[in-house]
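Engineer: full-length UniProt numbering applies: residue 1 is where the sequence shown begins, and numbers increase by one.
First the structure, which I've put down as structure tokens, then a few questions once you've had a look.
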Amino acid sequence: MPNPSQSTFESCTFVAHQDSQEEVIVRLEASGSHIPIVVRPAVHQIGTASTENGKKLDYSVTTYIKNAVTLESVWGDLTDDQQSHVAEQVASAIKNLHSINLLDEKARQFVKPGSHAIPEAAGPLGGPELGFFSNVSDLVRGLVASQDGFEQVTLTSTDDGGLRFETQFDDIPSVSMSEKDMFALQEAIVLCHNDLEPRNILVRAENLAVHYKVVAIIDWELAGFFPFVFESFYKDLALGNANLDFPWYRLFKDQTAQFIPKPLPGVQESLLRALDMVLKARARASTRNVGKLIQRKWIEREQLVQSDEISLRWVRNAEVASPTSPSPDAPLPVGSSAATLEFAAAQKKARDAGDHSWRLLAADGSTVLHP
């Protein structure tokens, strides 16, 4: 039977019961959408199928993890100690990922899911979602371009074979990376998941639910070989959008700080500042994109500010109290951040449930509130 909580317009996940074999999860995804790259649970089969109307689906069959739930489903019920314990386990898993050698043949197999093979001219830099790159310079270009949706940053090549990033805003300093920097950055490239949010982490209660054990990490479509500072920065971009839980964000950043050298090497700091340039320029861009508007309102509601330490990023504003809700039964003010978030949550729930009569979002989230 399909699992409604795991099924969307683009995918369907269900458990297959077989007489002679263990239970497995089957996940069907629309071809051209996210590519399943599942390392754990174990993958039994990956392939392509077609529906009766000819639509192609990418699918993967993986081991079914019994008695496991998403961290998202229990996170709000965990104590601070339990949450910290889970975050420590995730950090340990990240450390194991970083041990995979970039030049190992297994690395190339990891980022070569089915028909989405790595081009012969490209190395395993990058991943299926962002693209594969044959050198670090092209990877850096791709990283910045992938986040510059409003095209606020100008990128040019320098005489020494490096790159220079600039914006139209005079108060945002330009950033330069030399060719020598590119070679140094390659040594910092590791295997990254890039979407380690509670919804993608499976846990199991142990010792009468005193602690939860991380048993699997799922949804690897954003994974690939990147500098870890990019995955850490990607967390900043997701806050208030793909992740609406600041405690998880803060725990992740604190637990993974061990993977970011201190002092930060110049080349990694330059990459962070180039990406930070995109974030700052994007914040000033005028937009009707509902996702960006909700993110801005959420950050404002949570009373977050950017730390002067670029690798630390979002922190609570020390001069204001933590946000509180006046009353769970009180109606939300029209036009307020909370009302906007409530509307977005209701909209997503309806869409995931297949309610086509609900107001739809465009692919980029820009056209909403249209019947």
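Where is the CB? At the ideal position from N, CA and C, for every residue including glycine.
1) Indicate whether L222 and G127 have their beta-carbon atoms separated by less than 8 Å.
2) May I have a chain-ordered list of the alpha helix (DSSP H) segments no shorter than 4 residues that lie completely inside the stretch 253-290?
3) Three Cβ pairs or more, each shorter than 8 Å: is that satisfied between the stretch 218-232 and the stretch 174-193?
4) So within the stretch 63-91, which uninterrupted alpha helix (DSSP H) runs reach at least 4 residues, ignoring any that extend past its ends?
5) Answer with buried or exposed for G335, where buried requires no fewer than 16 other C-beta atoms within 10 angstroms of its C-beta.
6) Using only CA atoms, which one of N194, N317, E231 and T51 lies nearest to W220?
7) Taking C-alpha atoms, which residue in W248, L239, R313 and I65 lies nearest to K292?
8) Could you compute how far the alpha carbon of L78 sits from the alpha carbon of V43?
9) Would S270 be called buried (16 or more neighbouring beta carbons within 10 Å of its own) or exposed?
10) Out of curiosity, what's the CA-to-CA distance linking E309 and P263?
11) Can you tell me the Cα-Cα spacing of S232 and I100, whole angstroms?
12) May I ask you to report which of helix, strand or coil DSSP gives H193?
13) Tell me whether P323 sits in a helix, a strand or coil according to DSSP, three-state version.
14) Quick one: is L251 buried, meaning 16 or more other Cβ sit within 10 Å of its Cβ, or exposed?
15) If I'm right that H98 touches F259 with Cβ under 8 Å, what's the distance once you round it to whole angstroms?
16) How far does the beta strand (DSSP E) with Q186 in it reach, from first residue to last?
17) For Q89, which residues in the same chain have their Cβ closer than 8 Å to its Cβ, ignoring the five residues on either side in sequence?
18) Considering only their Cβ atoms, is the gap separating F169 from A274 smaller than 8 Å?
19) Which whole runs of the alpha helix (DSSP H) in the stretch 207-256 are 4 residues long or more, in chain order?
20) Do N241 and Q295 count as a contact pair if the criterion is CB distance below 8 Å?
21) Mapping the DSSP letters down to three states, classify D58 as helix, strand or coil.
22) In terms of DSSP beta bridges, what is A49 paired with?
23) So, helix, strand or coil for L97, using DSSP?
24) Restricting to Cα atoms, I'd like to know which of V144, T256 and G266 is closest to N96.
25) From what residue to what residue does the alpha helix (DSSP H) around G142 run?
26) Looking only at its own chain, which residues have a Cβ that is under 6 Å from the Cβ of F246, when we skip the five neighbours before and after it?
27) Strictly by DSSP, which residues pair up with F133?
28) I201 by DSSP, collapsed to three states: which one?
29) With a threshold of 7 Å (Cβ to nearest heavy atom), would Q258 be considered close to the ligand COA?
30) With 16 other CB atoms within 10 Å as the buried threshold, where does A318 fall?
31) First and last residue of the beta strand (DSSP E) that includes E166?
32) Under the assumption that A198 contacts T70 (Cβ atoms under 8 Å), give the Cβ distance between them as a whole number of angstroms.
33) Could you round the C-beta distance between L185 and L237 to whole angstroms and report it? I think they count as a contact, below 8 Å.
Structural biologist: Answer, in terms of the structure:
1) Indexing the sequence shown from 1 puts residue 222 at position 222. Indexing the sequence shown from 1 puts residue 127 at position 127. Closer than 8 Å, so yes.
2) Taken in chain order, the complete alpha helix (DSSP H) segments of 4 or more residues contained in the stretch 253-290 are 266-284.
3) As far as the Cβ criterion goes, the stretch 218-232 touches the stretch 174-193, which means the pair count is three or higher.
4) Whole alpha helix (DSSP H) segments, 4+ residues: 71-74.
5) Your numbering for residue 335 matches position 335 in the sequence shown. Per-residue confidence for G335 stands at a pLDDT of 42, beneath the threshold of 50, marking its modelled position as unreliable; no derived number is given.
6) As a working note, residue 220 is residue 220 in the sequence shown. Measuring from the Cα of W220, the nearest candidate turns out to be N194.
7) The count along the sequence shown starts at 1 and reaches residue 292 at position 292. Closest option to K292, Cα to Cα, is L239.
8) Taking the sequence shown and counting its residues from 1, one reaches residue 78 at position 78. Taking the sequence shown and counting its residues from 1, one reaches residue 43 at position 43. Spanning the two alpha carbons is a distance of roughly 30 Å.
9) Position 270 of the sequence shown, counted from the first residue, corresponds to residue 270. A buried status is given to S270, since no fewer than 16 other beta-carbon atoms sit within 10 Å of its beta-carbon.
10) Within the sequence shown, the letter at position 309 stands for residue 309. Within the sequence shown, the letter at position 263 stands for residue 263. Approximately 11 Å between the Cα atoms of the pair.
11) Here residue 232 refers to the residue found at position 232 when the sequence shown is read from its first residue. Here residue 100 refers to the residue found at position 100 when the sequence shown is read from its first residue. Distance between the alpha carbons of S232 and I100: 18 Å.
12) Translated into the one-based positions of the sequence shown, residue 193 becomes position 193. Coil.
13) In the sequence shown, the residue the question calls residue 323 occupies position 323. Low local confidence applies: a pLDDT of 49 at P323 is under 50, so the model's placement there is unreliable, with the coordinate-based value given in what follows. The answer is coil: DSSP assigns P323 none of H, G, I, E or B.
14) Within the sequence shown, the letter at position 251 stands for residue 251. That one is buried.
15) Locating residue 98 in the sequence shown gives position 98, where the first residue counts as 1. Locating residue 259 in the sequence shown gives position 259, where the first residue counts as 1. For H98 against F259, the beta-carbon gap comes to about 7 Å, under 8 Å, which counts as contact.
16) Along the sequence shown, one-based indexing puts residue 186 at 186. Here Q186 belongs to no beta strand (DSSP E); instead the alpha helix (DSSP H) covers E179 to Q186.
17) In the sequence shown, the residue the question calls residue 89 occupies position 89. Contacts found: K213 and V214.
18) Residue numbering aside, residue 274 sits at position 274 when the sequence shown is read from its first letter. Residue numbering aside, residue 169 sits at position 169 when the sequence shown is read from its first letter. Taking 8 Å as the Cβ cut-off, A274 and F169 do not qualify as a contacting pair.
19) Fully enclosed alpha helix (DSSP H) runs of 4 or longer: 228-238 and 246-255.
20) Counting from one through the sequence shown, the residue named residue 295 turns up at place 295. Counting from one through the sequence shown, the residue named residue 241 turns up at place 241. The Cβ-Cβ distance between Q295 and N241 falls below 8 Å.
21) Locating residue 58 in the sequence shown gives position 58, where the first residue counts as 1. Strand.
22) In the sequence shown, residue 49 corresponds to position 49, counting from 1. DSSP output for A49 lists L57 as bridge partner(s).
23) Your numbering for residue 97 matches position 97 in the sequence shown. Assigned with DSSP and collapsed to three states, L97 falls in helix.
24) By 1-based counting over the sequence shown, the position of residue 96 is 96. Residue T256 holds the alpha-carbon nearest to the alpha-carbon of N96 among V144, T256 and G266.
25) On the sequence shown, position 142 is the one that residue 142 refers to. G142 -> alpha helix (DSSP H) spans V136 to Q147.
26) Residue numbering aside, residue 246 sits at position 246 when the sequence shown is read from its first letter. Closer than 6 Å at Cβ, skipping near neighbours: E302.
27) Position 133 of the sequence shown, counting from 1, holds the residue named residue 133. According to DSSP, which records beta bridges pairwise, F133 is partnered with L125.
28) Working through the sequence shown from its first residue, we reach residue 201 at position 201. Looking at I201 - three-state DSSP - the assignment turns out to be strand.
29) You won't find the ligand COA in this model; it holds no ligand whatsoever.
30) For the purposes of this step, residue 318 is identified with residue 318 of the sequence shown, where counting begins at 1. Exposed, because fewer than 16 other Cβ atoms sit within 10 Å of the Cβ of A318.
31) Against the sequence shown, residue 166 aligns to sequence position 166. Where E166 is concerned, the enclosing beta strand (DSSP E) stretches over L163 to T167.
32) As a working note, residue 198 is residue 198 in the sequence shown. As a working note, residue 70 is residue 70 in the sequence shown. Note on residue identity: the sequence assigns Pro, not Ala, to residue 198. Cβ atoms of P198 and T70 come within 8 Å of each other, at about 7 Å.
33) Along the sequence shown, read from residue 1 onward, the residue named residue 185 stands at position 185. Along the sequence shown, read from residue 1 onward, the residue named residue 237 stands at position 237. About 20 Å separates the beta carbon of L185 from that of L237, a gap too long to meet the 8 Å contact definition.
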